[in-house]
Amino acid sequence: QNSASPLKNHISSFPDCEEKFGPKFSEILPEIARKVMIHSLFIVNASGDVFLEKHWRSVVSRTCVSYFLDVQRESPNDVPPVISTPHHYLVSIQRGGVSLVAACKQECPPLFVIEFLHRVVDTFEDYFSECTESIIKENYVVVYELLDEMLDNGFPLATESNILKELIKPPNILRTIANSVTGKSNVSGTLPTGQLSAIPWRRTGVKYTNNEAYFDVVEEVDAIIDKNGQTIFAEIQGYIDCCIKLSGMPDLTLSFMNPRLFDDVSFHPCVRFKRWESERILSFIPPDGNFRLMSYHVGSQSVVAIPIY
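Spelled out as structure tokens, the structure:
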């Protein structure tokens, strides 16, 4: 039970866990937690060199990455997300020209690990603008500090950007020089305000002189057009990116003209899933700053004919 507590604290902070996974979610969580153990993380560049490694539960030799590299060389564009080796399970993602490879010593739910790896990259991009080999090498200290906070003894813990930014200040030239001169740590000595609340993605006491909220709807259209300009096939992959600068603890509602067009949706944890299922309305208390509220897919049956000129 104690070994499950870090992950339990993290997942139970999402208000709709039992609505999404059933009333027995809290009962099965300790069993899930015991299986979601990441022992080591390796970050590999395009040349196949491990330029960063982090160990939590035990030191795993970087030689295990050779199994991943062998598969990558055989089919660089079709690397399976999970690779079974004699002693480990390797779970990997590729983003920004680098590969993140997590080593697990026992079988575990792969989507948990894959989601965590994507959260790691998203956090690096939030802190450093991009996640590349050169950027990571320039910010080794902050990267290791972030990994220490994001994973506790192999269990995902603090993965929300608002919490992490209260714990570890984003790097800038002035702060780096000041810390070098004074010897001050970059890690905060106080617990983040959102860590123990039911809304961990938003810090408390947010104040703005001008309150504003921006929503960007970005859609990528894949289509096949015949020689007469008629649409044979088309589908849409869309995203709703937000920039929220609102004081206090705002509660927002976003509705769509025809939400039934969405075939597949993925939400930020702040969205109240039960209300979406019943009313097809997005109701949420947003994080402070930039975040992706929702991604969705519109299938070929729902896409309106696209005019091509």
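First residue of the sequence shown? That's 22 in the numbering used here, and the numbers climb one at a time after it.
Virtual Cβ for every residue (Gly too), placed ideally from N, Cα, C.
Note that this is a predicted model, so its numbers are computed, not measured.
Rounded distance between the beta-carbons of residue j and residue i, thought under 8 angstroms
i, j, result
"C152", "R116", "6 angstroms"
"R83", "M58", "Actually they are not in contact, since the Cβ atoms of R83 and M58 sit about 19 angstroms apart, beyond 8 angstroms."
"V122", "F89", "5 angstroms"
"I114", "H76", "I114 to H76, Cβ: 19 angstroms. No contact."
"V100", "V92", "6 angstroms"
"K309", "V227", "According to the sequence as given, residue 309 is Asp; it is not Lys. Their Cβ separation, rounded to whole angstroms, is 5 angstroms, which keeps D309 and V227 in contact under 8 angstroms."
"W222", "C291", "6 angstroms"
Start and end residues, alpha helix (DSSP H) containing residue i
i, result
"N183", "S182 to L188"
"H289", "Segment: none, H289 is in no alpha helix (DSSP H) and carries neither H nor E."
Top-ranked residue by Cα proximity to residue i, from the options
i, options, result
"T98", "L111, P107, E298 and S120", "Contrary to the premise, residue 98 reads as Asn rather than Thr in this sequence. Of the listed residues, the one whose Cα sits closest to N98 is S120."
"P191", "E256, T144 and N174", "T144"
"I257", "G269, H318 and S87", "H318"
"V242", "S299, N231, G259 and K228", "G259"
"G320", "P280, C291 and F305", "P280"
"E95", "V81, G69 and D309", "G69"
"E166", "F176, L188, N174 and L275", "L188"
"S332", "L273, S155, N311 and L168", "A question about residue 332 goes unanswered here, because the residues of the chain that appear run from 22 up to 330."
"Q127", "I135, Y110 and G118", "Y110"
"S61", "L73, F277, A67 and V81", "V81"
"P271", "Y229, T252, Q251 and F294", "Y229"
"L73", "T106, S155, Q93 and F137", "S155"
"R224", "A67, K186, C129 and V65", "K186"
"I157", "F176, V71 and E136", "V71"
"A219", "N193, P307, R301 and I302", "P307"
"H276", "N174, E298 and Q251", "Rather than His, the amino acid found at residue 276 in this sequence is Ser. Measuring from the Cα of S276, the nearest candidate turns out to be E298."
"C125", "G118, V103 and E136", "V103"
"F133", "F63, L178 and Q251", "L178"
"V65", "E300, G118 and N311", "G118"
"Q322", "F137, D173 and A244", "A244"
Residue i - containing beta strand (DSSP E), residue span
i, result
"L73", "V71 to H76"
"M315", "G310 to V319"
"L273", "L273 to S276"
"L16", "With the chain covering 22 to 330 only, the question about residue 16 has no answer from this structure."
"F61", "Position check: residue 61 holds Ser in this sequence, whereas Phe was assumed. Taken as a continuous stretch (DSSP letters only), the beta strand (DSSP E) holding S61 covers S61 to V65."
"T252", "T252 to K266"
"I306", "Per DSSP, I306 belongs to no beta strand (DSSP E) and is neither H nor E."
"A234", "E233 to I246"
inquiry  = Count Cβ pairs between the region 146–164 and the region 178–195 that sit closer than 8 angstroms; are there 3 or more?
reply    = yes
ask   = Quick one: any contact between the region 249–269 and the region 231–241, if contact means 3 or more CB pairs under 8 angstroms?
value = yes
query = Which ranges does the alpha helix (DSSP H) cover as unbroken runs of at least 4 residues, wholly within the region 94–157, from first to last along the chain?
reply = 131–149
inquiry  = Under 8 angstroms: do the region 267–287 and the region 152–165 share three or more Cβ pairs, one atom per stretch?
reply    = no
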